[in-house]
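S.K.:
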Amino acid sequence: MKFTRQILSILALSMGVSLQTFAQAPAAPAQQPDQISQLAELVGLSDTQEQEIRDIVAEIEPKIERLQTEAQAVQAELVELSGPDFDEAAIREKASELGTLEGEMTASSIILQSKVDAVFTEEQRQQLEEMQRQQQQMQQQMRQQQMQRQIQQQLQQQQQQPQPGAGVAPAK
Numbered sequence: 442m443k444f445t446r447q448i449l450s451i452l453a454l455s456m457g458v459s460l461q462t463f464a465q466a467p468a469a470p471a472q473q474p475d476q477i478s479q480l481a482e483l484v485g486l487s488d489t490q491e492q493e494i495r496d497i498v499a500e501i502e503p504k505i506e507r508l509q510t511e512a513q514a515v516q517a518e519l520v521e522l523s524g525p526d527f528d529e530a531a532i533r534e535k536a537s538e539l540g541t542l543e544g545e546m547t548a549s550s551i552i553l554q555s556k557v558d559a560v561f562t563e564e565q566r567q568q569l570e571e572m573q574r575q576q577q578q579m580q581q582q583m584r585q586q587q588m589q590r591q592i593q594q595q596l597q598q599q600q601q602q603p604q605p606g607a608g609v610a611p612a613k
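In the working numbering, the protein residues as written are 442 to 613.
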């Protein structure tokens, strides 16, 4: 399960979207290649695999969207319940309701991920694993470059600051 989540997360990142977006996004506009087509190109899905994934998403996506809408409404209700004249019982009830909705969204997302993972061949999983390694390497290189730039900026700032005692005539 952890493997599936990592692979699909990396896959989604490599496509420039979060996995939650993959699971929850409405149908993409016609001018943009949709995420499933991008996935198909990325790992070489067969037409059958691509259709299976489309069917899985079509089955689960509406439930996730409905749960997300309900959760947003409950969050808004919680905001309304807060304040100096709060009703603790009502807040706890809504918080519990929100927790249930979030739990259902999480379960549905994991089920979606698992069903999609079951469509991949072993070779495609290995391909995704390699992409994950490459993605991690790129992220690490970017972090190192960022750190080097920050160090260089700090050194430049220190060099530009006057040194204590500089420019002061020696005492006689």
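C-beta atoms are modelled at their ideal positions from N, C-alpha and C, and glycine is treated no differently.
1) Determine, for Asp496, whether the minimum Cβ-Cβ distance to residues of chain C falls below 7 Å.
2) I'd like to know if the segment 494-514 and the segment 544-558 are in contact, where contact means that at least 3 CB-CB pairs between them fall below 8 Å.
3) Quick check on DSSP: helix, strand or coil for Gln465?
4) Can you name the start and end residues of the alpha helix (DSSP H) that Asp496 belongs to?
5) Where does Thr547 sit, in a helix, a strand or coil, going by DSSP?
6) Identify which residue in Asp526, Ile477 and Thr541 has its Cα closest to the Cα of Ile494.
7) Any contact between the segment 512-520 and the segment 532-539? By contact I mean 3 or more CB pairs, one from each, below 8 Å.
8) Thr462: buried (16+ other C-beta within 10 angstroms of its C-beta) or exposed?
9) Tell me the rounded alpha-carbon separation between Glu500 and Thr562.
10) I need the boundaries of the alpha helix (DSSP H) containing Gln591, first residue and last residue.
11) With a cut-off of 8 Å on the beta carbons, I'd call Val498 and Gln565 a contact; round off their distance for me.
12) By how many angstroms is the C-alpha of Gln595 removed from the C-alpha of Gln586?
13) Are Leu542 and Ile532 close, meaning C-beta to C-beta below 7 Å?
14) Tell me whether Gln582 is buried or exposed, calling it buried when 16 or more other Cβ atoms sit within 10 Å of its Cβ.
15) When you compare only the Cα positions, how much space is there between Val614 and Asp488?
16) Have a look at Thr510 and Pro603 and give me their C-alpha separation to the nearest angstrom.
17) Count the other CB atoms, across all protein chains shown, that sit within 10 Å of the CB of Gln580; report buried if there are 16 or more and exposed otherwise.
18) For Gln473, which residues from the same chain have a beta carbon less than 8 Å from its beta carbon, with the 5 sequence-adjacent residues on both sides left out?
M.R.: Concretely, from the data shown:
1) The structure shown contains no chain C; it is built from a single protein chain.
2) yes
3) Sequence index remark: in the sequence shown, residue 465 carries index 24 (1-based). Residue placement at Gln465 is flagged as unreliable, the pLDDT there being 41, under the threshold of 50; a coordinate-derived value is accordingly withheld.
4) Counting from 1 along the sequence shown, the entry for residue 496 is found at position 55. Element bounds for Asp496: Asp488 to Leu522.
5) As a first step, residue 547 must be located in the sequence shown, where it is residue number 106. Correct three-state label for Thr547: helix.
6) Sequence index remark: in the sequence shown, residue 494 carries index 53 (1-based). The alpha carbon of Ile494 has as its nearest neighbour, out of Asp526, Ile477 and Thr541, the alpha carbon of Ile477.
7) yes
8) Position 21 of the sequence shown holds residue 462. The predicted model places Thr462 with a pLDDT of 41, which falls under 50 and marks its position as unreliable, so this point remains unresolved.
9) Counting from 1 along the sequence shown, the entry for residue 500 is found at position 59. Counting from 1 along the sequence shown, the entry for residue 562 is found at position 121. Cα to Cα, Glu500 sits roughly 21 Å from Thr562.
10) For this step, residue 591 is matched to residue 150 along the sequence shown. Per DSSP, the unbroken alpha helix (DSSP H) holding Gln591 starts and ends at Glu563 to Gln601.
11) As a working note, residue 498 is residue 57 in the sequence shown. As a working note, residue 565 is residue 124 in the sequence shown. Their Cβ separation, rounded to whole angstroms, is 17 Å, which puts Val498 and Gln565 out of contact at 8 Å.
12) Walking along the sequence shown from the start, residue 586 turns up at place 145. Walking along the sequence shown from the start, residue 595 turns up at place 154. About 14 Å.
13) One-based indexing of the sequence shown puts residue 542 at position 101. One-based indexing of the sequence shown puts residue 532 at position 91. No; because the gap between Cβ atoms is not below 7 Å, this pair is not in contact.
14) Within the sequence shown, residue 582 is the residue found at index 141, counting from 1. Exposed, by the Cβ-count rule.
15) Lying outside 442 to 613, the shown extent of the chain, residue 614 is not represented and no answer is given.
16) By 1-based counting over the sequence shown, the position of residue 510 is 69. By 1-based counting over the sequence shown, the position of residue 603 is 162. Each residue's Cα considered, the two are about 58 Å apart.
17) Here residue 580 is taken as the residue at index 139 of the sequence shown, counted from 1. Looking at its Cβ environment, which holds fewer than 16 other Cβ atoms inside 10 Å, Gln580 is exposed.
18) Along the sequence shown, one-based indexing puts residue 473 at 32. Because Gln473 carries a pLDDT of 41, less than 50, the predicted location of this residue cannot be relied on, and the following value inherits that uncertainty. Excluding sequence neighbours, Gln473 sits near nothing in its chain.
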